[in-house]
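Student: Dropping the structure in here first, questions after.
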Amino acid sequence: MTKAPFNGKSERASDLLGLIHSDVCGPMNTQARGGFHYFITFTDDFSSYGYIYLMRHKSEALEKFKEFRNEVQNQHGKSIKALRSDRGGEYLSHEFDELLKECRIVSQLTPLGTPQWNGVSERRNRTLLDMVRSMMSHSDLPISFWGHALETAAFTLNRVPSKSVQKTPHEMWTGKRPNMSFMKIWGCKAYVKHQMSTKLEPKSHKCTFVGYPKETKGYYFYNHKENKVFVARTGVFLEKDFLSSKEDRRNIELEEVQQQQDTEPEVERFSQTVEENSTDLETRPLRRSTRERHEPERYGFLMTTHGDVILVDHDEPKTYQEAVSSPDSEKWLEAMRPEMDSMSDNQVWTLVKPPEGIKPIGCKWVFKKKTDMDGNVQTYKGRLVAKGYRQIHGIDYDETFSPVAMFKSIRILLAIAAFHDYEIWQMDVKTAFLNGKLEEDVYMTQPEGTKTNLVYTRSLVGASFHS
Numbered sequence: 002m003t004k005a006p007f008n009g010k011s012e013r014a015s016d017l018l019g020l021i022h023s024d025v026c027g028p029m030n031t032q033a034r035g036g037f038h039y040f041i042t043f044t045d046d047f048s049s050y051g052y053i054y055l056m057r058h059k060s061e062a063l064e065k066f067k068e069f070r071n072e073v074q075n076q077h078g079k080s081i082k083a084l085r086s087d088r089g090g091e092y093l094s095h096e097f098d099e100l101l102k103e104c105r106i107v108s109q110l111t112p113l114g115t116p117q118w119n120g121v122s123e124r125r126n127r128t129l130l131d132m133v134r135s136m137m138s139h140s141d142l143p144i145s146f147w148g149h150a151l152e153t154a155a156f157t158l159n160r161v162p163s164k165s166v167q168k169t170p171h172e173m174w175t176g177k178r179p180n181m182s183f184m185k186i187w188g189c190k191a192y193v194k195h196q197m198s199t200k201l202e203p204k205s206h207k208c209t210f211v212g213y214p215k216e217t218k219g220y221y222f223y224n225h226k227e228n229k230v231f232v233a234r235t236g237v238f239l240e241k242d243f244l245s246s247k248e249d250r251r252n253i254e255l256e257e258v259q260q261q262q263d264t265e266p267e268v269e270r271f272s273q274t275v276e277e278n279s280t281d282l283e284t285r286p287l288r289r290s291t292r293e294r295h296e297p298e299r300y301g302f303l304m305t306t307h308g309d310v311i312l313v314d315h316d317e318p319k320t321y322q323e324a325v326s327s328p329d330s331e332k333w334l335e336a337m338r339p340e341m342d343s344m345s346d347n348q349v350w351t352l353v354k355p356p357e358g359i360k361p362i363g364c365k366w367v368f369k370k371k372t373d374m375d376g377n378v379q380t381y382k383g384r385l386v387a388k389g390y391r392q393i394h395g396i397d398y399d400e401t402f403s404p405v406a407m408f409k410s411i412r413i414l415l416a417i418a419a420f421h422d423y424e425i426w427q428m429d430v431k432t433a434f435l436n437g438k439l440e441e442d443v444y445m446t447q448p449e450g451t452k453t454n455l456v457y458t459r460s461l462v463g464a465s466f467h468s
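Just so you know, we're using my numbering here: the sequence shown kicks off at 2 and counts up by one.
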């Protein structure tokens, strides 16, 4: 049986948001700044105007679609009519399907083995990656800047003529002709004026232009000395020096990592299934996969060449033992000390011998790294929590409480401060849950690392169990 020829003719949408093409590309073989491995595109069929969002994980596709839908529907006062995508798992999830039904958006899924039906997104991804490789090859920036190059490529593609529409996508989308006078050559050097400087200091510093911010008018610049990306209104761009440079262009290896697929032919699998179904189910041995199973790298583990699973340095440890044996053990221990000191200062517990007939509940440490927008670690945090799931409703507790702030109250306070021109100070209470009062007797084991056989009891320790 031969494959039927593909008829590429299809009816185009007659209005904006009539049909949106979408596709997820990734994981890429190089991580972008900010920890991004994927990107998702949304392209309007009528205007060919495209949106792009960087993602750390494939599972973020639903949240990015919500963000895209809210923005475009608010801008145009129209609703998305249909969404065309491939049969990727991110589009077939129950949550995604329920959202489309709730918003009355028709889901158009391409048939298996027919990516041509979603050709708009496929060509958009290929064009964007070709542009990124070309832009990166002409600059001296690290390959991790492909995320900034990708957003700039999408920004440019919306403002140049397209064969699929009579006008530029930007004019079709907004009704206004795009202004190209402010656009600069990506990756060129530029001098940016210091915001504050003394009389003897230089008035500007040399940076690299890396993109256009969406939220404000200006440019993204990369400061090599401080290794940070910042926004500035303008700068002196050295485009002529960039074009006249005769340095050899480097080869950029930026590719999508192909997922491993089963290479067994469909006919063989079908015949094997028929043969297995015809055998006696009671005597047939169980078929087990021979593939090695291990945690993926994005969850904080990595398989070594010797078959050992080790903790990746940039991820959070899951247990106390992983924390004390990791390269950042000193920082994790330092993060745990304030937590224990706070418990002690507030007299959260009392150390007693375990009473007979009482089985104390356990506890564990929860570790978290707080990062900035570029993915750099700023703070190491350690929290001691009780295993409240071991408690039984009606026996160990009757009610649960979760005190939260009312956003209405916060908005009222901000409005009052803005009206009277007050200064606003922000504070954070690390152990707010210790404010709760307990009447029940609660016993909890000591955390790992202690040397006594005593347990914690009463006071306020149970407040964290129920919150």
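Cβ atoms here follow ideal geometry from the backbone N, Cα and C, with glycine treated the same way. These numbers were taken from a predicted model, which means no experiment stands behind them.
Report buried or exposed for E48, applying the criterion of at least 16 other Cβ atoms within 10 angstroms of its Cβ.
Tutor: For the purposes of this step, residue 48 is taken as residue 47 along the sequence shown, with counting starting at 1. Here the sequence assigns Ser to residue 48, which means Glu is not the residue at that position. Buried, since its Cβ has 16 or more Cβ neighbours within 10 Å.
Student: State buried or exposed for I417, treating a residue as buried only when at least 16 other CB atoms are found within 10 Å of its CB.
Tutor: As a first step, residue 417 must be located in the sequence shown, where it is residue number 416. With fewer than 16 other Cβ atoms inside 10 Å of its own Cβ, I417 counts as exposed.
Student: On the criterion of 16 or more Cβ atoms from any shown chain inside 10 Å, does H171 qualify as buried, or is it exposed?
Tutor: To locate residue 171, count along the sequence shown from 1; it is residue 170. Taking a 10 Å sphere around the C-beta of H171, we find 16 or more other C-beta atoms and assign the residue as buried.
Student: Nearest to K102 by alpha carbon, out of I359, P116, A83, P179?
Tutor: The residue you call residue 102 lines up with position 101 of the sequence shown. Nearest option by C-alpha distance: A83.
Student: So V405 and R384 are supposed to be a Cβ contact under 8 Å. How far apart are they, rounded?
Tutor: Taking the sequence shown and counting its residues from 1, the one referred to as residue 405 is at position 404. Taking the sequence shown and counting its residues from 1, the one referred to as residue 384 is at position 383. Taking 8 Å as the upper bound for CB-CB distance, V405 and R384 are not in contact here, some 18 Å apart.
Student: What does DSSP give as the partner residue(s) for K190 in the beta ladder?
Tutor: Locating residue 190 in the sequence shown gives position 189, counting from the first residue. Its beta-bridge partners are T209.
Student: Classify F210: buried if its beta carbon has 16 or more other beta carbons within 10 angstroms, exposed otherwise.
Tutor: Reading the sequence shown from its first residue, position 209 is the one you call residue 210. Buried: at least 16 other Cβ atoms inside 10 Å.
Student: Do C26 and E256 count as a contact pair if the criterion is CB distance below 7 Å?
Tutor: Taking the sequence shown and counting its residues from 1, the one referred to as residue 256 is at position 255. Taking the sequence shown and counting its residues from 1, the one referred to as residue 26 is at position 25. No; because the gap between Cβ atoms is not below 7 Å, this pair is not in contact.
Student: S330: which of E340, P339, K371, P318 sits nearest, CA to CA?
Tutor: Residue numbering aside, residue 330 sits at position 329 when the sequence shown is read from its first letter. Of the candidates E340, P339, K371, P318, the one whose C-alpha sits nearest the C-alpha of S330 is P318.
Student: When you compare only the Cα positions, how much space is there between P339 and T372?
Tutor: As a working mapping, residue 339 is identified with position 338 in the sequence shown. As a working mapping, residue 372 is identified with position 371 in the sequence shown. Inter-residue distance for P339 and T372 is about 20 Å (C-alpha atoms, whole angstroms).
Student: Using the beta-carbon count (16 or more within 10 Å), is N119 buried or exposed?
Tutor: Taking the sequence shown and counting its residues from 1, the one referred to as residue 119 is at position 118. Looking at its Cβ environment, which holds 16 or more other Cβ atoms inside 10 Å, N119 is buried.
Student: Note down, in chain order, each residue of its chain lying with its Cβ closer than 8 Å to the Cβ of Q322, except the 5 sequence neighbours on either side.
Tutor: Here the question's residue 322 lines up with position 321 in the sequence shown. Contacts found: E449.
Student: Do I144 and T31 have their beta-carbon atoms positioned less than 7 Å apart in this structure?
Tutor: As a working mapping, residue 31 is identified with position 30 in the sequence shown. As a working mapping, residue 144 is identified with position 143 in the sequence shown. Between T31 and I144, the C-beta gap is smaller than 7 Å, which places the two residues in contact.
Student: What is the rounded straight-line gap between the Cα of A419 and the Cα of I413?
Tutor: The count along the sequence shown starts at 1 and reaches residue 419 at position 418. The count along the sequence shown starts at 1 and reaches residue 413 at position 412. Whole-angstrom Cα-Cα distance: 10 Å.
Student: What's the gap between the Cα of Y221 and the Cα of L142?
Tutor: On the sequence shown, position 220 is the one that residue 221 refers to. On the sequence shown, position 141 is the one that residue 142 refers to. About 14 Å.
Student: For Q117 and E240, what's the separation of their Cα atoms in angstroms?
Tutor: Against the sequence shown, residue 117 aligns to sequence position 116. Against the sequence shown, residue 240 aligns to sequence position 239. Taking the straight line joining both Cα atoms gives about 39 Å.
Student: Could you give the DSSP three-state label for L352: helix, strand or coil?
Tutor: As a first step, residue 352 must be located in the sequence shown, where it is residue number 351. Here L352 sits in strand by DSSP.
Student: Give me the residue from E96, A233, F146 with the minimum Cα distance to F66.
Tutor: Residue mapping note: residue 66 aligns to position 65 of the sequence shown, counting from 1. Looking at the Cα atoms, E96 is the closest of the given residues.
Student: Please check the pair N126 and T42, which I expect to be a contact at CB under 8 Å, by giving their CB distance rounded to whole angstroms.
Tutor: Reading the sequence shown from its first residue, position 125 is the one you call residue 126. Reading the sequence shown from its first residue, position 41 is the one you call residue 42. Confirmed, about 6 Å.
Student: Since L63 contacts R88 with CB under 8 Å, what's their CB separation in whole angstroms?
Tutor: As a first step, residue 63 must be located in the sequence shown, where it is residue number 62. As a first step, residue 88 must be located in the sequence shown, where it is residue number 87. Not quite, the Cβ-Cβ distance comes to about 16 Å (not below 8 Å), so this is no contact.
Student: Give the straight-line distance between the Cα atoms of R34 and R178, rounded to the nearest whole angstrom.
Tutor: For this step, residue 34 is matched to residue 33 along the sequence shown. For this step, residue 178 is matched to residue 177 along the sequence shown. Going from the Cα of R34 to the Cα of R178 covers about 33 Å.
Student: Between G58 and S122, is the Cβ-Cβ spacing less than 7 Å?
Tutor: Your numbering for residue 58 matches position 57 in the sequence shown. Your numbering for residue 122 matches position 121 in the sequence shown. Note on identity: in this sequence residue 58 is His, with Gly being the wrong assignment. It is not a contact, given that the beta carbons lie outside the stated cut-off.
Student: Name the DSSP beta bridge partners of Q109, please?
Tutor: Taking the first residue of the sequence shown as 1, we reach residue 109 at position 108. DSSP output for Q109 lists R85 as bridge partner(s).
Student: Could you pull out every residue in the same chain whose Cβ sits closer than 8 Å to the Cβ of H206, ignoring the five residues on either side in sequence?
Tutor: Sequence index remark: in the sequence shown, residue 206 carries index 205 (1-based). In the same chain as H206, and ignoring 5 residues on each side of it, the C-beta atoms closer than 8 Å to its own belong to Y192, V193, H195, N224, K226, in chain order.
Student: Can you give me the Cβ contacts of V456 inside the same chain, cut-off strictly under 8 Å, excluding the 5 residues immediately before and after it?
Tutor: Mapped onto the sequence shown, residue 456 falls at position 455. Result list for V456: L352, V353, K354, P355, P361, Y444, M445, T446, Q447, in chain order.
Student: Kindly list the residues whose CB is nearer than 7 Å to the CB of V386, restricted to its own chain and excluding five residues on each side of it in sequence; keep chain order.
Tutor: If you number the sequence shown from 1, residue 386 lands on position 385. Same-chain partners within the cutoff: C364, K365, V367, S465.
Student: Over what stretch of residues does the alpha helix (DSSP H) that includes R412 continue unbroken?
Tutor: For the purposes of this step, residue 412 is taken as residue 411 along the sequence shown, with counting starting at 1. From DSSP, the alpha helix (DSSP H) with R412 extends over 408-421.
Student: What do you reckon, are the CB atoms on E1 and G212 nearer than 7 Å?
Tutor: It is not possible to answer for residue 1, since the shown part of the chain is limited to 2 through 468.
Student: With burial defined as no fewer than 16 other Cβ atoms inside 10 Å of the residue's Cβ, what is the status of M337: buried or exposed?
Tutor: Sequence index remark: in the sequence shown, residue 337 carries index 336 (1-based). Classification of M337: buried, given that the 10 Å Cβ count is 16 or more.
Student: Which word fits I359, buried or exposed, when buried means at least 16 other C-beta atoms lie within 10 angstroms of its C-beta?
Tutor: On the sequence shown, residue 359 is found 358 positions in, with the first residue counted as 1. Exposed, by the Cβ-count rule.
Student: In this structure, how does DSSP classify I362 when only helix, strand and coil are distinguished?
Tutor: Here residue 362 refers to the residue found at position 361 of the sequence shown. Strand, per DSSP.
Student: I need the DSSP call for T128, collapsed to helix, strand or coil.
Tutor: Translated into the one-based positions of the sequence shown, residue 128 becomes position 127. Three-state DSSP puts T128 in a helix.
Student: State the Cα-Cα distance for the pair N180 and V73, rounded to the nearest angstrom.
Tutor: As a first step, residue 180 is located in the sequence shown; it is residue number 179 there, counting from the start. As a first step, residue 73 is located in the sequence shown; it is residue number 72 there, counting from the start. In a straight line, the C-alpha of N180 is about 21 Å away from that of V73.
Student: Excluding the 5 residues flanking G36 on each side, which residues of the same chain have their C-beta closer than 7 Å to its C-beta?
Tutor: What you label residue 36 is simply residue 35 of the sequence shown in a count that begins at 1. Here the set comprises R57, G376.
Student: If we ignore side chains and look at the alpha-carbon of each, how far apart do A14 and S135 end up?
Tutor: In the sequence shown, counting from the first residue as 1, residue 14 sits at position 13. In the sequence shown, counting from the first residue as 1, residue 135 sits at position 134. Distance between the alpha carbons of A14 and S135: 32 Å.
Student: In angstroms with no decimal places, state the Cα-to-Cα distance between G389 and V349.
Tutor: Mapped onto the sequence shown, residue 389 falls at position 388. Mapped onto the sequence shown, residue 349 falls at position 348. Cα-Cα distance, rounded: 16 Å.
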